[in-house]
Amino acid sequence: MILEGVRLADCKLLRCGRERDDTRQLCPECEQRLLADLEWFTKNIGFLETDKMNRINKNHDANGGGGGYSDNPPLREQVFDLLYEGDERDDSVWGTLSAFAKCLGVEYLNHDPLNVLAQRIAVKKTKQGDPACLCSTATPVYALEIRIARDKCQRLLNQGHTVSLGNCPNTDCNMPLSADETAKQVKCRGCRNVWNINFLRTLMQDKIKHSTYTGTASDIRSKLQQAGYLVSANTLKSWAHRGKLTPVRKEGRHPIYRIADVYMLMQQTTPVDDIWGLVGKDAK
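Here's what the structure looks like:
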């Protein structure tokens with residue numbers, strides 16, 4: 001019996017604060033959100049894991065394979081990192097779901113599709129017949145990670161890939177410019193001037209070379225990706241391990257690097273994964 005005026009325990013999900021039953025890990029709202037997130041992965045993650053990747057690769061093959069313009073390479077890398085690799089802040093979808101499955105005693109195979117893994121987590125029951133995913137002491141941690149992963153996947157499903165091109169070269173305008181990565185020209189929304197992508201790319205390269213921006217490996221990969229340059233997490237780790245990439249300082253346990261240093265190492269690597277360079281090749 002719940003006595004009037006007696007406050008129940010707080011939901012164990014970080015930053016929630018709603019009340020929960022003492023026998024549960026989460027408040028009713030967070031429980032329903034976790035079940036809804038698992039259902040979303042069951043129904044929708046296949047679009048990212050297979051359909052979208054297949055469409056990207058099909059477009060890549062249609063444009064001449066590895067020697068020509070590669071359609072959406074930053075998007076392809078984003079999908080792969082999100083699903084299977086993760087970054088310094090968040091684990092991959094596979095890492096999160098498989099770790100939660102182990103905590104719940106869910107049997108799975110390493111080659112199981114992500115939607116199958118999510119479904120197995122959702123249908124696992126305790127001896128009392130309750131959803132196991134709601135009853136584990138690990139539930140609050142993984143409920144939050146699953147929520148974050150679902151939001152990222154949903155955003156990625158709903159977008160193509162737009163590349164940042166810096167600010168408009170017109171000094172009286174200075175409007176930020178961006179365009180689809182397949183574009184050859186871009187029209188400024190401010191001054192209405194039309195700019196050649198190769199010209200803007202040259203300006204962007206010079207800006208990156210002389211930039212004082214610093215960040216974690218994940219931050220720098222994201223910034224470079226926005227500008228159309230790809231560098232994998234493993235490549236950055238390799239450069240750091242071999243002493244080719246030196247951190248300028250540490251923030252907590254994360255080393256902080258200069259984006260200019262990473263870019264210069266990319267320039268020394270052949271071929272450079274520069275999608276604008278690939279677009280230029282395709283245009284010849």
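Heads up, the sequence shown is in UniProt numbering, so the first residue is 1 and it goes up one at a time.
Just so it is clear, CB atoms sit at the ideal spot from N, CA and C, and this is done for glycine as well.
Could you tell me which residues DSSP puts in a beta bridge with residue i?
i: residue 22; result: Note: residue 22 sits in no beta bridge, so no partner.
i: residue 81; result: For residue 81, which the question treats as bridged, DSSP gives no partner whatsoever.
i: residue 125; result: 131
Once DSSP output is grouped into helix, strand and coil, what is the label at residue i?
i: residue 43; result: helix
i: residue 90; result: coil
i: residue 37; result: helix
i: residue 112; result: coil
i: residue 12; result: coil
i: residue 262; result: helix
i: residue 306; result: Residue 306 is absent from the structure shown; the chain starts at 1 and stops at 284.
i: residue 95; result: helix
i: residue 27; result: coil
i: residue 119; result: helix
i: residue 49; result: helix
i: residue 68; result: Any answer about residue 68 is weak, because its pLDDT of 29 lies below 50 and its placement is not dependable; what the coordinates show is given next. Correct three-state label for residue 68: coil.
i: residue 268; result: coil
i: residue 101; result: helix
Would you decide whether residue i is buried or exposed? Buried here means 16 or more other CB atoms lie within 10 Å of its CB.
i: residue 123; result: exposed
i: residue 149; result: buried
i: residue 28; result: exposed
i: residue 37; result: buried
i: residue 229; result: buried
i: residue 307; result: Here the chain comprises residues numbered 1 to 284, so residue 307 is not present and cannot be evaluated.
i: residue 264; result: exposed
i: residue 262; result: buried
i: residue 31; result: buried
i: residue 242; result: exposed
i: residue 14; result: exposed
i: residue 194; result: exposed
i: residue 221; result: buried
i: residue 128; result: exposed
i: residue 137; result: exposed
i: residue 253; result: exposed
i: residue 78; result: buried
i: residue 212; result: exposed
i: residue 26; result: buried
i: residue 107; result: exposed
i: residue 268; result: exposed
i: residue 224; result: buried
i: residue 227; result: buried
i: residue 192; result: exposed
i: residue 346; result: Any answer about residue 346 is impossible in this case: the structure gives the chain only from 1 up to 284.
i: residue 109; result: exposed
i: residue 201; result: buried
i: residue 8; result: exposed
i: residue 171; result: exposed
Using 9 Å as the limit for Cβ to Cβ distance, is residue i near chain D?
i: residue 27; result: Among the protein chains of the structure shown there is no chain D, as only one such chain exists.
Segments assigned alpha helix (DSSP H), at least 4 residues, entirely inside the segment 127-188 = 139-157
message = Please give the ranges of any beta strand (DSSP E) in the segment 194-259, keeping only runs that are unbroken, at least 3 residues long and fully inside the region.
response = 194-196, 249-251, 254-258
Segment contact, 8 Å Cβ cut-off, at least three pairs: the segment 97-113 with the segment 135-142 = yes
task = Decide if the segment 114-122 is in contact with the segment 237-257; the criterion is three or more beta carbon pairs, one per stretch, under 8 Å apart.
result = no
ask   = Is there contact between the segment 163-179 and the segment 188-200, where contact requires at least three CB pairs shorter than 8 Å?
value = yes
ask   = Touching or not, the segment 74-94 and the segment 7-19, by the rule of three or more beta carbon pairs under 8 Å?
value = no
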